Amino acid sequence: MPCRPPRAGLVLFFPEFSRVLVSRVMFPLSLVLFEFAVYVSNDMIMPGMPNVLREFGAAPEMTSLALTAAMLGNASLQWLLGPLSDRYGRRPVLLAGLILFVAACLAMWPVQSIGQFIMLRFIQGMGCCFVLTVGYPTVQEAFDEKTAVRIVALMANVSLLSPLFGPLAGAAVVTWWPWRVVFLLIAAIGVIAFVGLYRSMPELMPAVRGELTPRGLWRAYRVPLASRRFWTGAVMIGLAVTPLLTWIAVGPIVLIERAGLSQIDYGVLQLPVFAALIAGNVILARQVGRWSYARLMWSGIACMLFGAAVSCAGVALLASSYLALMAGTAFCALGMGLFYGVVYRQTLFAVDGANRATVAGMLSMIMIIVSVGAIELAKSAYLVFGAQALSLSALLAVLCLGAAALSFKSSSESEAFAVKPGG
Numbered sequence: 001m002p003c004r005p006p007r008a009g010l011v012l013f014f015p016e017f018s019r020v021l022v023s024r025v026m027f028p029l030s031l032v033l034f035e036f037a038v039y040v041s042n043d044m045i046m047p048g049m050p051n052v053l054r055e056f057g058a059a060p061e062m063t064s065l066a067l068t069a070a071m072l073g074n075a076s077l078q079w080l081l082g083p084l085s086d087r088y089g090r091r092p093v094l095l096a097g098l099i100l101f102v103a104a105c106l107a108m109w110p111v112q113s114i115g116q117f118i119m120l121r122f123i124q125g126m127g128c129c130f131v132l133t134v135g136y137p138t139v140q141e142a143f144d145e146k147t148a149v150r151i152v153a154l155m156a157n158v159s160l161l162s163p164l165f166g167p168l169a170g171a172a173v174v175t176w177w178p179w180r181v182v183f184l185l186i187a188a189i190g191v192i193a194f195v196g197l198y199r200s201m202p203e204l205m206p207a208v209r210g211e212l213t214p215r216g217l218w219r220a221y222r223v224p225l226a227s228r229r230f231w232t233g234a235v236m237i238g239l240a241v242t243p244l245l246t247w248i249a250v251g252p253i254v255l256i257e258r259a260g261l262s263q264i265d266y267g268v269l270q271l272p273v274f275a276a277l278i279a280g281n282v283i284l285a286r287q288v289g290r291w292s293y294a295r296l297m298w299s300g301i302a303c304m305l306f307g308a309a310v311s312c313a314g315v316a317l318l319a320s321s322y323l324a325l326m327a328g329t330a331f332c333a334l335g336m337g338l339f340y341g342v343v344y345r346q347t348l349f350a351v352d353g354a355n356r357a358t359v360a361g362m363l364s365m366i367m368i369i370v371s372v373g374a375i376e377l378a379k380s381a382y383l384v385f386g387a388q389a390l391s392l393s394a395l396l397a398v399l400c401l402g403a404a405a406l407s408f409k410s411s412s413e414s415e416a417f418a419v420k421p422g423g
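Structure follows, in structure tokens:
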């Protein structure tokens, strides 16, 4: 008896379902796995930095320089990747960046000096350029506004497993194995992310391809750089991330070198901070569409201000100043979770008619330059004046953030942070 032909509905439905599943699920997950690998490269190696410094005979100040080098690597290609992806497409540029990141992780195995280590950290930091400047704009372009905000917030939760999981995992690795094993594990994560992105990332070419010449680059960046609202938002984001990134940068000095805690203790004390950051992102994902963007932004700033005040008061009153710094940073992280996704979206779409990858590149570069400068100032103040200077640095950053937010709000032409249709 001849076989019955398959039903047309099933033939049509399951390929379509598979295609949607790949583009809507595998792409964001693979992108966040790439982001996770980039961020966990910072968090896993931080508890191992004392081992790195002892092996190479380097000074303790090099601990924060390793993180600063990665952040500067993040800023180094922002100006180019936006126009490059506008010209040649998001997909090939992002995949090339992932290959570069994996190669830099594998190259950590034969390093022989702290200079080589710092240089490779710089190259690894470039990986974040590709995520922020190419990957995230692709999400913003592929999904509607509310869906994109929710996806970015939920992606942030997954990527935030890196600071939640990274310090403890890194402490365990460097306790039992050489610190170089950290980067072999991260390279393996990068390979998995590459396979997922290669199979699932859509290609969303802009309607008008940018001109990849000095004149074309200036034409592309002139529009966002002329926008006061764009500048304000970029500086605000840089200030908002400063308290948390400063804690990450100087944490090994505060907890391991000066407080005499173990590497495992260091990892455990990161848990409340990054759990608070995840909580902020969860609240953001739930409240988008219920609260105005203005309310979300100001709620985040209020949490950060309270956290900075807790740090200042606790350092003055408690004998164990690191506990006060940890508690205050946790509140700052909660506020950052509420704040970041909303203001990033508003700043990215602050300029009409611009290619989003180009705008995202300039946004990330300004944000990183602001935060790196603030981190280095806070670190220098801490090394000279101690924990009180570190808490006052966080308070100053949040106060400047609040002042900038007043200007950001008043520059909106419509109801508080309402995005124009199609924005």
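Residue numbers (my numbering): 1 to 423.
C-beta atoms are modelled at their ideal positions from N, C-alpha and C, and glycine is treated no differently.
These figures come from a predicted structure and were not determined experimentally.
- Distance from the Cα of Trp179 is smallest, within the candidate group Val315, Thr358, Pro50, for Pro50.
- It is roughly 12 angstroms from the alpha-carbon of Leu323 to the alpha-carbon of Ser391.
- Between the alpha carbons of Pro243 and Phe339 lies a distance of about 13 angstroms.
- Sequence-distant partners of Ala259 (beyond 5 residues in either direction) whose C-beta falls short of 6 angstroms from its own C-beta, in its chain, are Tyr322.
- Following the DSSP letters along the chain, one finds Trp247 inside the alpha helix (DSSP H) bounded by residues 228 to 251.
- The C-beta separation of Gly233 from Leu305 comes to about 19 angstroms, leaving the pair out of contact by the 8 angstroms criterion.
- Using a Cβ-Cβ distance cut-off of 8 angstroms, the region 70 to 86 and the region 181 to 199 are not in contact, since fewer than three pairs of beta carbons, one from each stretch, lie closer than that value.
- With distances taken between CA atoms, Val131 lies nearest to Leu33 out of Leu33, Ala350, Gly373.
- With a 10 Å radius around the Cβ and a threshold of 16 neighbouring Cβ atoms, Val315 comes out buried.
- The beta carbon of Leu81 sits closer than 8 angstroms to those of Val93, Gly97, Cys129, Phe130, Thr133, Val134, Ala357, Gly361, all from its chain and outside the five residues before and after it, given in chain order.
- Rounded to the nearest angstrom, the gap between the Cα atoms of Gly335 and Val370 is 19 angstroms.
- In the DSSP assignment, Phe274 falls within the unbroken alpha helix (DSSP H) covering 263 to 287.
- A distance below 9 angstroms separates the beta carbons of Val38 and Gly127.
- Across the set Ala404, Val359, Leu261, the C-alpha of Val359 shows the shortest separation from the C-alpha of Trp218.
- Spanning the alpha carbons of Val241 and Ala308 requires a straight line of approximately 13 angstroms.
- Contact check for Ala249 against Ile375 passes: the beta carbons are separated by less than 9 angstroms.
- Under the DSSP assignment, Arg90 falls in the alpha helix (DSSP H) whose first and last residues are 90 to 106.
- Around the C-beta of Leu325, 16 or more other C-beta atoms lie within 10 Å, and the residue is accordingly described as buried.
- Straight through space, the alpha carbons of Gln287 and Pro137 are spaced by roughly 22 angstroms.
- Taking the C-beta atoms as reference points, Leu395 is found no nearer than 9 angstroms to Cys303.
- When DSSP states are grouped into helix, strand and coil, Trp179 belongs to the coil group.
- If you draw a straight line from the Cα of Gly267 to the Cα of Glu257, it is about 14 angstroms long.
- Leaving aside the five residues that flank Glu203 on each side, the residues in its chain whose CB is nearer than 8 angstroms to its CB run, in chain order, Gly89, Arg90, Arg91.
- Restricting attention to Val25, Val174, Leu245, Arg54, the CA atom closest to the CA of Gln112 is found in Arg54.
- Taking each of Ser380, Leu277, Ile237 in turn and checking the Cα distance to Met62, the smallest one comes out for Ser380.
- Within a 10 Å sphere around the beta-carbon of Phe349 sit 16 or more other beta-carbons, which makes this residue buried.
- With a threshold of 16 other beta carbon atoms within 10 Å, Gly115 falls short and is exposed.
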